[in-house]
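Q:
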Amino acid sequence: MDKSVIVCKCEEVNIDEIETALKTGARHFDDVKRLTRCGMGPCQSKLCGGLVRRVISEYRNVSISEVEPPKKRMPISMIRLKALATDKEATKVISVFKESVSGVSRS
Amino acid sequence: MSRQYDVVVIGSGVVGSSIAYHLSERKTKKVAVIDKGFILTGTSGSTQAWVWVHNKTPSWYGELSMYSAELYPTLKKRIGDVEYKRTGGIAPFFDEKDREHALRLAEMQEKVGIDVKVLTREELLEKEPFLSEKAAGATYSDIDGNVNPFRLVELYTKAAKKNGVDFSFYNPVTEIRRDKGYYQIRTEKEGVFTAKQIVLAGGVWTGELGRMLDITIPVKQVRGQILVTEPLEPFIQTTIAGVRQAENGEVLIGYSKEEVGYNRQTTLDVMQETAGMALDYFPVLAEANVVRCFSGVRVIPKDGLPILGQIPGMENAYVAVTHSGVTLSPLIGTLMTELVMDRETSLDLSKMSLSRFERSAAGELIV
Chain A
1 MDKSVIVCKC EEVNIDEIET ALKTGARHFD DVKRLTRCGM GPCQSKLCGG LVRRVISEYR
61 NVSISEVEPP KKRMPISMIR LKALATDKEA TKVISVFKES VSGVSRS
Chain B
1 MSRQYDVVVI GSGVVGSSIA YHLSERKTKK VAVIDKGFIL TGTSGSTQAW VWVHNKTPSW
61 YGELSMYSAE LYPTLKKRIG DVEYKRTGGI APFFDEKDRE HALRLAEMQE KVGIDVKVLT
121 REELLEKEPF LSEKAAGATY SDIDGNVNPF RLVELYTKAA KKNGVDFSFY NPVTEIRRDK
181 GYYQIRTEKE GVFTAKQIVL AGGVWTGELG RMLDITIPVK QVRGQILVTE PLEPFIQTTI
241 AGVRQAENGE VLIGYSKEEV GYNRQTTLDV MQETAGMALD YFPVLAEANV VRCFSGVRVI
301 PKDGLPILGQ IPGMENAYVA VTHSGVTLSP LIGTLMTELV MDRETSLDLS KMSLSRFERS
361 AAGELIV
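Those sequence lines, one after another, are chains A and B.
When you line the first sequence up against UniProt numbering, it's residues 1 to 107, in that order.
When you line the second sequence up against UniProt numbering, it's residues 1 to 367, in that order.
#1: Using Cβ-Cβ distances below 8 Å, what residues of the stretch 52-82 of chain A are close to chain B?
#2: Nearest-angstrom Cα distance between B:Ile-366 and B:Gly-325?
#3: Using only the alpha-carbon positions, how far apart do A:Ser-107 and B:Pro-58 sit?
#4: Could you give the DSSP three-state label for B:Thr-157: helix, strand or coil?
#5: Below 8 Å on the Cβ atoms is my contact criterion, and I expect B:Val-219 with B:Val-321 to pass it. Report the Cβ-Cβ distance as a whole number of Å.
#6: In chain A, what lies closer than 7 Å to B:Arg-292 by C-beta?
#7: Cα separation between A:Ile-18 and A:Cys-48?
#8: Go through its chain and collect everything with a Cβ distance to A:Arg-54's Cβ below 7 Å, but skip five positions before and after it.
#9: So A:Cys-8 packs on A:Gly-50, CB below 8 Å; how close in whole Å?
#10: Using a Cβ-Cβ cutoff of less than 7 Å, which residues in the same chain neighbour A:Glu-12 once the five nearest sequence positions on both sides are dropped?
#11: Taking the straight line between their C-alpha atoms, what separation do you get for B:Leu-209 and B:Arg-78?
#12: Under 8 Å between C-beta atoms, does A:Gly-25 make it to chain B?
#13: Does the beta-carbon distance from B:Thr-239 to B:Ile-253 come in below 8 Å?
#14: With distances taken between CB atoms, is the gap from B:Val-51 to B:Tyr-72 smaller than 8 Å?
#15: So who's on the other strand from B:Pro-92, going by DSSP bridges?
#16: Rank B:Ala-91, B:Lys-117, B:Val-82 by C-alpha distance to the C-alpha of B:Arg-151 and give the top, closest one.
#17: Is A:Ser-100 close to chain B, meaning its C-beta is less than 8 Å from at least one C-beta of that chain?
#18: Listing by chain order, which chain B residues have their CB less than 9 Å from the CB of A:Asp-16?
#19: What's the C-alpha gap between B:Gly-37 and A:Met-78?
#20: DSSP three-state call for B:Ile-366: helix, strand or coil?
#21: Taking B:Gly-309 as part of the beta strand (DSSP E), name the residues at either end of that continuous run.
#22: At the level of alpha carbons, what is the spacing between B:Gly-89 and B:Tyr-140?
#23: Using a Cβ cut-off of 8 Å, which residues of the stretch 91-112 of chain B contact any Cβ in chain A, in chain order?
#24: I want to verify the contact list: residues of chain A whose CB lies under 7 Å from the CB of B:Ala-69, in sequence order.
#25: Alpha carbon to alpha carbon, how far is A:Arg-34 from B:Lys-97?
#26: Any idea what DSSP makes of B:Ala-317, helix, strand or coil?
#27: Residues of chain A with CB closer than 7 Å to the CB of B:Asn-289, please, in chain order.
#28: Using 8 Å for Cβ pairs, my map puts B:Thr-229 next to B:Glu-250. What's the rounded Cβ distance?
#29: Considering only C-alpha positions, which residue in the set B:Tyr-255, B:Met-108, B:Val-299, B:Thr-120 is nearest to residue 109 of chain A?
#30: So, are the CB atoms of residue 368 of chain B and B:Val-319 less than 8 Å apart?
#31: What's the C-alpha gap between A:Ser-45 and B:Leu-328?
#32: Bridge partners for B:Gln-197 per DSSP, in chain order?
#33: Apply the 10 Å Cβ neighbour rule to B:Thr-174 and answer buried if 16 or more other Cβ atoms are within range, or exposed otherwise.
#34: Taking all protein chains shown into account, do 16 or more other C-beta atoms lie within 10 angstroms of the C-beta of B:Ile-114, making it buried, or fewer, making it exposed?
#35: Between B:Phe-167, B:Ser-350, B:Asp-342, B:Trp-60, which lies nearest to residue 368 of chain B when the distance is taken from Cα to Cα?
#36: What is the rounded straight-line gap between the Cα of A:Leu-84 and the Cα of B:Ala-91?
Structural data, given as structure tokens:
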């Protein structure tokens, strides 16, 4: 197939770019993803997942079932930020300002 | 089969790959990098990648961060476009009472040459018109910015390869021995690597590498979770402590800390808190869509400060492990190369020595 064929439409990544990443030692979908951004766009690999795995499987000469899909993360589909937000007092999210100021009073 | 090198760097994260690149620029030693995964599979591939200076305390640590940030503009010429942007950095506060603390921080940082301004609400909103009016003010510095971490590590390794460095990926180190003045590094996939000098730059896994040499490298694993929005029109000008907008329009949001070992799951509670923080900062984000959350495990030395230098009592063995590896990577690469090649460094590393922890155990003060 023509190497300029776009595989990931969201980020406009073609076969050649995926193969170039594989050439540098990338092995898994997520390796290729971090180098090319394929699968990192709005669809989060829902459209390109199978195609990218096929390119990887052909390059590595393994069956497609041996190519792990990329790591799935929440939210599974897009969600408005206001729907996700909580106004409960944060316990794990912290303020950089407060952290640095506590450093000042310590020293 | 044995592979012979002058220097073996263990770890190809932002710190290890910068060290390898800077070593390779001298073009005098045969260098290899070994990694249990691939580039960007660990911490360096899961970060907001601020190049951040102005809030770093104690001030000598801020000063060190500043020197490193100063090296960023030239990196582009040396290794290619890492998409570094010196946007200026803002750390907002929401309580007017905090202004006093902010002024104190600015005063302290000024002593080491870091220019920190304390902004009024009006000055803040002039810089960031979409920021919440609930913000009382902020600390600000021109020196802060951000970089594309994917490009950064990729281009460090690419430049190092071009200079002849060998990389061995998906090849965990299983054993390190010292034999007749050489280090024998046994690996899972490619046998034994032999090196005159070794650099432990395993980031969050450096404690385990230390144990192979019977030394304690006290580091913590601290998880952070980040929300990613759909691409939005550019509306954030600077790098905000907690929020930044990438070149493609995505907004990266989050600053959380959890000690849960190597667990890289994302969790709904932290996502919700993070979204809450986003709205506290930028109410306009309410209608934006979140497409993903990711998490990374930071390495944080026990006292929060870099561990950099020769391993005490172990000739030709070095360690470079720190939080804020992205910010510090150009400087760490430079200093570790001086140490490994010239045996002396242009900046004093004694405060960062691993020996400070031993001194502490003996009842003396930590630096």
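Glycine residues also receive a C-beta, built at the ideal position from the N, C-alpha and C atoms.
It should be emphasised that the depicted structure is a prediction, and the values quoted were computed from it without experimental measurement.
A: Once the coordinates are examined:
#1: Arg-73, Met-74, Pro-75, Met-78, Ile-79, Arg-80, Leu-81, Lys-82
#2: For B:Ile-366, the pLDDT reaches just 47, beneath the cut-off of 50, and the residue's location in the model is therefore unreliable, although a value from the coordinates is still provided. One C-alpha to the other measures close to 22 Å.
#3: With a pLDDT of only 47 at A:Ser-107, under the threshold of 50, the placement of this residue in the model should not be trusted, and no figure is reported.
#4: helix
#5: 6 Å
#6: Gln-44, Arg-73
#7: 12 Å
#8: Ile-64
#9: Incorrect: roughly 11 Å between the Cβ atoms, too far for contact.
#10: Ile-6
#11: 31 Å
#12: yes
#13: no
#14: yes
#15: B:Ala-138
#16: B:Val-82
#17: yes
#18: Near A:Asp-16 there are no residues of chain B at all, since even the closest Cβ is about 16 Å away, more than 9 Å.
#19: 30 Å
#20: Confidence in B:Ile-366 is poor, its pLDDT being 47 and thus under 50, which makes the residue's placement unreliable; the coordinate value appears in the next sentence. If DSSP states are grouped into helix, strand and coil, B:Ile-366 belongs with coil.
#21: 307-310
#22: 6 Å
#23: Ala-91, Pro-92, Phe-93, Asp-98, His-101, Ala-102, Arg-104, Leu-105, Met-108
#24: Those within 7 Å of B:Ala-69 in chain A number zero; the least Cβ separation is about 16 Å.
#25: 42 Å
#26: strand
#27: Met-78, Ile-79, Arg-80
#28: 6 Å
#29: Because chain A here runs from 1 to 107, residue 109 of chain A falls outside it and cannot be looked at.
#30: Because chain B here runs from 1 to 367, residue 368 of chain B falls outside it and cannot be looked at.
#31: 33 Å
#32: B:Val-7
#33: exposed
#34: buried
#35: Any answer about residue 368 of chain B is impossible in this case: the structure gives chain B only from 1 up to 367.
#36: 24 Å
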